[in-house]
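Quick notes on the structure that follows.
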Amino acid sequence: MLWQKTIGDESDNGVDGTQVQQTFDGGYILFSGTYKYGYRNVMLMKLNACGEKQWNKVFISQGESQFNYSVQQMPDSSYLIQLAYWGDDLANKRIWLFKIDANGEILWKKVQAQWTLGTNAEEGYQTIKNYANEYLISGRYYEWEPGYDTNARWVRPMFIKVDSNGNEIWHRLWGVGEFYVGGAIEAVFNSNNFIYGVGTDEADEEWGDDPSLFKLDPSGNQVFQKDLIEANGGGSSTINILEDSILFISATIRDWNDSVNLMVLKTDTNGTILNSQEFLLDIDNGAISSSLVTHDG
-1 MLWQKTIGDE SDNGVDGTQV QQTFDGGYIL FSGTYKYGYR NVMLMKLNAC
49 GEKQWNKVFI SQGESQFNYS VQQMPDSSYL IQLAYWGDDL ANKRIWLFKI
99 DANGEILWKK VQAQWTLGTN AEEGYQTIKN YANEYLISGR YYEWEPGYDT
149 NARWVRPMFI KVDSNGNEIW HRLWGVGEFY VGGAIEAVFN SNNFIYGVGT
199 DEADEEWGDD PSLFKLDPSG NQVFQKDLIE ANGGGSSTIN ILEDSILFIS
249 ATIRDWNDSV NLMVLKTDTN GTILNSQEFL LDIDNGAISS SLVTHDG
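Next comes the structure, spelled out in structure tokens:
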């Protein structure tokens, strides 16, 4: 062990939900939550290469707990972060992007999904960056079905593409007009800006949810959706791209014996499974929350 650091102390009332990424200067950025000010507030902390704190920023919003979802370092060494439930209009302004400079100061903040049709409609889970410094938010959205009962809203996979200033380029609610029900958790770009997302197909009420793969073209048009595994319940939770033709996907499934299993899948870009490995859990539920591609592939 080279070093070990403890983040937070008894006076902080706990720190949780930490994401850690290495920064361009060899240090680390931590994106987490703190209960120091009562409700759960999102916290961003910069460490140097030795694990020593350089700065710390807490995004205080009174009256509701916040959630941290994604942090990305940008080419100019600033940070783009995604958080939920910041501000004073929690029903209508639920997905926020903040740009933070290299010293932890807020450059701008912008709320997303302002085209929403109703309150409490949108949830964003991840933000990723492509080679053109554009960003994609993955999540889900509750949308009415055209020509159907307007009192019922159907959960849809949601994708929002924004530029480097946080301005929306396009958004896609998957399956509107097709009675598709489900959500998107994570996504990746390939080198041609096609998008591959993973999440759940929740349309099969008899058999339960299935892990799913979504493909969109660079303009946000639907290319295909495919259920990766027929199961008694489950969903895909993480995706990595190994090369333009290979995807690495993690999923959770409940098999026909009602056992919960974690699976890792290697697929082509059409969703054909090339290899898979299954791990039986000794708990009632669980999911893979993060996965990375190692240098040895």
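Under our numbering, think of the first position of the sequence shown as -1, with each following residue one higher.
Backbone N, C-alpha and C fix where the C-beta goes; we use that ideal spot for every residue, glycine too.
Spatial distance of residue i from residue j (CA atoms)
| i | j | result |
| --- | --- | --- |
| residue 263 | residue 236 | 10 Å |
| residue 299 | residue 155 | Residue 299 lies beyond the stretch modelled for the chain, which goes from -1 to 295, so this question has no answer here. |
| residue 247 | residue 196 | 8 Å |
| residue 143 | residue 1 | 54 Å |
| residue 62 | residue 23 | 35 Å |
| residue 66 | residue 158 | 18 Å |
| residue 131 | residue 160 | 9 Å |
| residue 120 | residue 137 | 8 Å |
| residue 151 | residue 12 | 37 Å |
| residue 171 | residue 46 | 40 Å |
| residue 182 | residue 25 | 31 Å |
Neighbour-count burial assignment, residue i, 16 or more Cβ in a 10 Å radius
| i | result |
| --- | --- |
| residue 84 | buried |
| residue 198 | buried |
| residue 3 | exposed |
| residue 179 | buried |
| residue 105 | exposed |
| residue 145 | exposed |
Closest by C-alpha distance to residue i, when choosing among the options
| i | options | result |
| --- | --- | --- |
| residue 251 | 225, 125 and 245 | 225 |
| residue 19 | 222, 71 and 232 | 71 |
| residue 268 | 245, 249, 52 and 174 | 245 |
| residue 223 | 207, 194, 249 and 232 | 194 |
| residue 108 | 139, 162 and 30 | 162 |
| residue 186 | 44, 270, 240 and 105 | 240 |
| residue 259 | 266, 213, 227 and 238 | 227 |
| residue 128 | 191, 120, 179 and 214 | 191 |
| residue 54 | 173, 80 and 27 | 27 |
| residue 135 | 200, 68 and 102 | 68 |
Integer Cβ distance of residue i from residue j, believed to fall under 8 Å
| i | j | result |
| --- | --- | --- |
| residue 40 | residue 31 | 6 Å |
Entirely enclosed beta strand (DSSP E) segments - the region 40 to 67, minimum 3 residues: 51 to 57
3 or more residues per run - each beta strand (DSSP E) lying fully within the region 179 to 217: 180 to 187, 193 to 199 and 208 to 214
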